[in-house]
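S.K.: Pasting a structure below so you can have a look.
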Amino acid sequence: MSRQTTRDDTAALPEFRQLINARGTTTLPCTGGTEWTSDDSRLQRRAASLCMACGARAACLSYALAADERHGVWGGTTAAERKSRRRKTREPRTA
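Using the working numbering, you'd call the opening residue of the sequence shown number 8 and step up by one each time.
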């Protein structure tokens with residue numbers, strides 16, 4: 008999880024409160040190192056893989072998507088992966 012945010016109102020999001028609650032019950036791998044905020048794709052992939060065993064991963068990803076986090080690794084996803092996910096959910100499906 009990144010230490011940066013692109014929103015000013017993160018505390019108002021229910022997903023943020025869920026993330027805070029989840030953090031209280033698990034050891035977070037993202038509290039050390041710079042992989043979670045690195046621009047290096049290799050380090051980002053390493054960070055994302057470390058997220059997979061985290062008990063707060065689902066809450067972290069839900070928050071990142073709700074807050075439109077555009078930097079860092081959140082919930083096992085890179086910024087590019089979240090951007091792709093956002094694009095797919097916004098594109099109308101054609102038959």
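Just so it is clear, CB atoms sit at the ideal spot from N, CA and C, and this is done for glycine as well.
Are Trp81 and Ala66 touching if we call contact CB-CB under 8 Å?
M.R.: As a first step, residue 81 is located in the sequence shown; it is residue number 74 there, counting from the start. As a first step, residue 66 is located in the sequence shown; it is residue number 59 there, counting from the start. Cβ atoms of Trp81 and Ala66: not closer than 8 Å.
S.K.: Any contact between the segment 91-98 and the segment 49-61? By contact I mean 3 or more CB pairs, one from each, below 8 Å.
M.R.: No, the segment 91-98 does not touch the segment 49-61.
S.K.: Among residues of its own chain, excluding the 5 on either side of Thr85, which ones have a beta-carbon nearer than 7 Å to its beta-carbon?
M.R.: Residue numbering aside, residue 85 sits at position 78 when the sequence shown is read from its first letter. Closer than 7 Å at the Cβ level, and outside the excluded window around Thr85, lie Gln51 and Ala55.
S.K.: What is the rounded straight-line gap between the Cα of Leu17 and the Cα of Ala63?
M.R.: For the purposes of this step, residue 17 is taken as residue 10 along the sequence shown, with counting starting at 1. For the purposes of this step, residue 63 is taken as residue 56 along the sequence shown, with counting starting at 1. Strictly speaking, residue 17 in this sequence is Thr, with Leu absent from that position. The straight-line gap from Cα to Cα measures roughly 17 Å.
S.K.: Tell me whether Thr84 sits in a helix, a strand or coil according to DSSP, three-state version.
M.R.: Taking the sequence shown and counting its residues from 1, one reaches residue 84 at position 77. Thr84: strand per DSSP, three-state reduction.
S.K.: So, helix, strand or coil for Cys37, using DSSP?
M.R.: The count along the sequence shown starts at 1 and reaches residue 37 at position 30. In the structure shown, Cys37 sits in a helix (DSSP, three-state: H, G or I).
S.K.: Quick one: what's got a C-beta closer than 8 Å to Arg92's C-beta in the same chain, skipping five residues either side?
M.R.: Taking the sequence shown and counting its residues from 1, one reaches residue 92 at position 85. Answer for Arg92: Leu72 and Thr84, listed in chain order.
S.K.: Do the CB positions of Pro36 and Cys61 come within less than 8 Å of each other?
M.R.: Counting from 1 along the sequence shown, the entry for residue 36 is found at position 29. Counting from 1 along the sequence shown, the entry for residue 61 is found at position 54. A contact, by the Cβ cut-off of 8 Å.
S.K.: Excluding the 5 residues preceding and the 5 following Arg89 in the sequence, name in chain order all residues of the same chain whose CB lies nearer than 8 Å to its CB.
M.R.: The residue labelled residue 89 in the question sits at position 82 within the sequence shown. So the list reads Ala71, Leu72, Glu76, Arg77 and Trp81, once near-sequence residues are dropped.
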